[in-house]
């Protein structure tokens with residue numbers, strides 16, 4: 075039986091400064107003592123950065139919403155934005171010297187592949203991930219794998 079608990083949500087403007095506000099919200103809602111805190115914080119940072127940088131204002135407005143939930147042994151992150159005509163978020167295979175394009179790759183590593191996209195057409199989209207509450211590897215190891223794929 076699944077037990078779900080919503081920790082909270084925040085609405086942010088589609089601007090670069092919102093990424094640090096999203097990280098601060100993770101600290102407030104989850105707390106730095108939570109075993110998955112660093113992974114959740116990094117995933118929220120990456121997903122919010124993508125939402126701010128790749129979405130465009132639409133009929134639903136110009137805001138990004140970040141939601142944190144705890145469901146059984148996972149912390150669920152949902153980032154909803156107005157969407158984009160340029161396409162659905164997807165994993166990229168960036169070259170080693172690329173300065174961007176690793177966000178979803180990092181989220182994929184942090185969530186062990188448990189992530190996805192819900193597209194609402196003109197109503198925006200939500201990119202979500204489920205991060206195990208108990209760590210199996212240090213955050214630094216996951217980030218190194220994400221930044222330097224083998």
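In the working numbering, the protein residues as written are 75 to 224.
Even glycine gets a Cβ: it sits at the ideal position worked out from N, Cα and C.
- Message: Here's the rule I'm using: 16 or more other beta-carbon atoms within 10 Å means buried, otherwise exposed. How should residue 191 be labelled?
- Response: Walking along the chain shown from the start, residue 191 turns up at place 117. Exposed, by the Cβ-count rule.
- Please name the residue, chosen from 168, 206, 201 and 76, that lies closest to residue 123 on a Cα-to-Cα basis. One-based indexing of the chain shown puts residue 123 at position 49. Taking only the C-alpha atoms, the option nearest residue 123 is 201.
- Task: Please classify residue 225: does DSSP put it in a helix, a strand, or coil?
- Result: Lying outside 75 to 224, the shown extent of the chain, residue 225 is not represented and no answer is given.
- Message: Let me check you understand the geometry: is the CB of residue 120 closer than 7 Å to at least one non-hydrogen atom of the ligand FAD?
- Response: Looking for the ligand FAD in the displayed structure turns up nothing, as the structure carries no ligands at all.
- Taking all protein chains shown into account, decide if residue 90 is buried (16 or more other Cβ within 10 angstroms of its Cβ) or exposed. On the chain shown, residue 90 is found 16 positions in, with the first residue counted as 1. Counting Cβ neighbours within 10 Å, residue 90 comes out exposed, since fewer than 16 surround it.
- Item | Close-in-space but distant-in-sequence residues of the same chain around residue 141 (CB under 6 Å, 5 per side omitted) | Against the chain shown, residue 141 aligns to sequence position 67. Excluding residues within five positions, the ones whose Cβ falls inside 6 Å are 83 and 152.
- State the DSSP-derived secondary structure class of residue 182, mapped to helix, strand or coil. Along the chain shown, one-based indexing puts residue 182 at 108. In the structure shown, residue 182 falls within a helical segment according to DSSP collapsed to helix, strand and coil.
- Item | 8 Å Cβ cutoff met for residue 116 and residue 149 | In the chain shown, counting from the first residue as 1, residue 116 sits at position 42. In the chain shown, counting from the first residue as 1, residue 149 sits at position 75. No.
- residue 204 versus 131, 99, 85 and 188, residue with shortest Cα-Cα distance: In the chain shown, residue 204 corresponds to position 130, counting from 1. Considering only alpha carbons, the answer is 188.
- Query: How many angstroms separate the CA atom of residue 97 from the CA atom of residue 158?
  - Reply: Stepping through the chain shown from its first residue, residue 97 is reached at position 23. Stepping through the chain shown from its first residue, residue 158 is reached at position 84. Rounded to the nearest angstrom, the two C-alpha atoms are 23 Å apart.
- Backbone CA spacing between residue 166 and residue 172 [nearest angstrom]: The residue given as residue 166 occupies position 92 in the chain shown. The residue given as residue 172 occupies position 98 in the chain shown. Roughly 11 Å separates the two Cα atoms.
- Query: Considering residue 78, what are the terminal residues of the beta strand (DSSP E) in which it resides?
  - Reply: Counted from its first residue, the chain shown places residue 78 at position 4. 78 to 87 is the span of the beta strand (DSSP E), which, as asked, contains residue 78.
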